[in-house]
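Numbering (UniProt numbering), first residue to last: 1 to 443.
To keep things clear, I will list the structure first and then write my remarks on it.
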């Protein structure tokens with residue numbers, strides 16, 4: 001009975017629009033959710049290479065040695081870096097350089113690309129950026145004066161795993177061993193330096209150390225991972241997730257509008273049919289079984305078709321994004337599927353529950369009087385409840401992203417302005433006397 005009812009009603013354009021809108025919502029949330037989840041997993045797995053560590057501690061002064069010893073006691077690997085700017089000399093030619101002094105463990109993760117390959121900053125030698133070599137007219141094997149120390153140039157540094165991108169860093173890089181810093185005399189009390197400590201280990205070890213360390217940090221000290229990294233990669237990861245969420249949000253808003261309009265139209269067109277069925281003896285339980293069964297079949301079909309289309313969208317987007325993504329991304333978890341199916345269910349309940357409730361409450365008297373409409377769940381109570389539920393769901397989806405909240409606020413303001421403008425135009429048109437039949441029909 002339910003299947004026959006569903007097959008007969010399936011030819012209704014309004015029901016087809018509901019199915020398409022729900023399928024589109026499932027497809028977009030699933031595709032964008034899968035890509036976002038895979039990107040987050042892939043970047044998190046490679047964060048140790050991008051940062052040359054799993055976590056980092058930045059400080060304007062050297063941290064207590066006890067902090068580093070505590071990390072080693074907990075099984076973490078610890079690396080030290082010191083960056084500062086100083087003048088370098090090749091003979092009488094001066095040049096400001098951005099010095100990065102590292103210990104022997106650097107890089108903890110990732111590859112330091114040098115020319116010749118395989119070099120590391122050793123005591124008594126330095127690695128120079130090609131631009132610094134050109135500015136000072138130096139070559140491998142020459143010497144360079146860094147403060148009070150004269151150091152041999154072992155080669156060129158081509159790419160650092162944790163270099164990031166800083167548009168205000170104008171001075172070229174000079175990389176040296178941390179053991180040679182004191183010899184240069186460039187770092188004195190009051191010098192502007194930045195200490196970075198890199199930590200490597202398992203998530204449990206890092207979380208345990210983080211809980212121990214955070215209460216002891218001073219305002220000028222900062223503990224961070226890839227998500228809070230100031231480098232271009234950390235910012236790119238955050239922005240990409242925001243724009244994917246923004247795309248999903250706009251799609252959901254359009255899907256909600258389409259489902260609401262189509263569902264109201266479909267249910268209104270079935271008032272007479274339900275009234276006739278009640279007149280012929282159909283009970284409330286029988287009608288509820290038919291209506292709920294039909295709705296469940298629509299949701300099931302939307303989930304299947306939306307899931308298939310979503311996987312297709314994901315593959316297409318992965319091909320388009322292949323040039324800017326890592327070589328291989330791990331598979332997505334089940335969370336995007338749960339989000340997609342949950343979104344479909346919530347949308348259907350929010351915008352479909354009241355129309356179906358009105359349809360079920362249709363009175364048999366409507367067979368004689370078309371103006372008889374059931375009065376259940378008044379809009380003045382229903383709309384505020386729906387609004388609160390929508391805001392709570394969006395808060396869970398968007399978190400604290402100001403960009404997404406700003407876009408949502410703009411969409412709400414635009415909808416209100418359009419509504420007010422439409423109401424004003426209707427009032428003006430009602431007061432106008434139009435003698436022309438085509439104009440009256442158009443209005």
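We put the beta carbon where it would ideally sit given N, CA and C, even for glycine.
Since this is a predicted model, take the numbers as computed values, not measurements.
In the same chain as residue 333, and ignoring 5 residues on each side of it, the C-beta atoms closer than 7 Å to its own belong to 37, in chain order. Counting the other Cβ atoms within 10 Å of the Cβ of residue 315 gives fewer than 16, which makes it exposed. When 161, 336, 303, 181 are compared, the shortest CA-CA separation from residue 111 is found for 161. Counting C-beta pairs with one atom in each stretch, the region 133–149 and the region 86–94 have three or more that are closer than 8 Å, which means they touch. Residue environment for residue 54: buried (at least 16 other C-beta atoms within 10 angstroms of its C-beta). Sixteen is the threshold: when 16 or more other Cβ atoms of the shown chains lie within 10 Å of the Cβ of residue 196, as they do, the residue is buried. By the C-beta criterion, the region 152–159 is judged not to be in contact with the region 182–201, since fewer than 3 inter-stretch pairs fall below 8 Å. In this structure, residue 194 lies away from residue 157, with their beta-carbon atoms at least 8 Å apart. Spanning the alpha carbons of residue 14 and residue 262 requires a straight line of approximately 5 Å. Note that the C-beta distance between residue 345 and residue 28 is not below 8 Å.
Only buried fits residue 180, as 16 or more other CB atoms lie within 10 angstroms of its CB. Residue 417 and residue 424 have their C-alpha atoms spaced approximately 11 Å apart.
Using a Cβ-Cβ distance cut-off of 8 Å, the region 16–27 and the region 77–85 are not in contact, since fewer than three pairs of beta carbons, one from each stretch, lie closer than that value.
For residue 145, the enclosing beta strand (DSSP E) stretches over residues 143–146. If you look at residue 128, you'll find it isn't in any alpha helix (DSSP H); it sits in the beta strand (DSSP E) that goes 125–128. Membership of residue 208 in the alpha helix (DSSP H) is indicated by the continuous run 203–213. In this structure, the alpha-carbon of residue 243 lies about 10 Å from that of residue 249. Going by beta carbons, residue 174 and residue 123 fall outside the 8 Å limit.
By the C-beta density criterion, residue 218 is exposed, having fewer than 16 other C-beta atoms within 10 angstroms. In this structure, DSSP gives residue 34 a helical state, which the three-state scheme calls helix. Residue environment for residue 381: exposed (fewer than 16 other C-beta atoms within 10 angstroms of its C-beta).
Residue range 55–59 is occupied by the beta strand (DSSP E) that includes residue 59. In the DSSP assignment, residue 153 falls within the beta strand (DSSP E) that extends over 149–159.
The Cβ atoms of residue 58 and residue 221 sit closer than 8 Å to each other. Leaving aside the five residues that flank residue 131 on each side, the residues in its chain whose CB is nearer than 7 Å to its CB run, in chain order, 172. Note: residue 383 is not bridge-paired with any residue in the DSSP secondary-structure output. Within 10 angstroms of the beta-carbon of residue 176 lie 16 or more other beta-carbons, which makes it buried. A direct Cα-Cα distance of roughly 44 Å separates residue 304 from residue 211. Beta-bridge partners of residue 77 (DSSP): 200. Boundaries cannot be given for residue 377, as no beta strand (DSSP E) includes it and DSSP labels it neither H nor E. In this structure, the beta-carbon distance from residue 363 to residue 282 does not fall below 8 Å. For residue 316, the enclosing alpha helix (DSSP H) covers residues 284–321.
With fewer than 16 other Cβ atoms inside 10 Å of its own Cβ, residue 170 counts as exposed. By the neighbour-count criterion, in which 16 or more other beta carbons inside 10 Å mark a residue as buried, residue 385 falls on the exposed side.
Here residue 176 carries a strand assignment [DSSP, helix/strand/coil]. For residue 82, the pairing in a beta bridge is given by DSSP as 101, 195.
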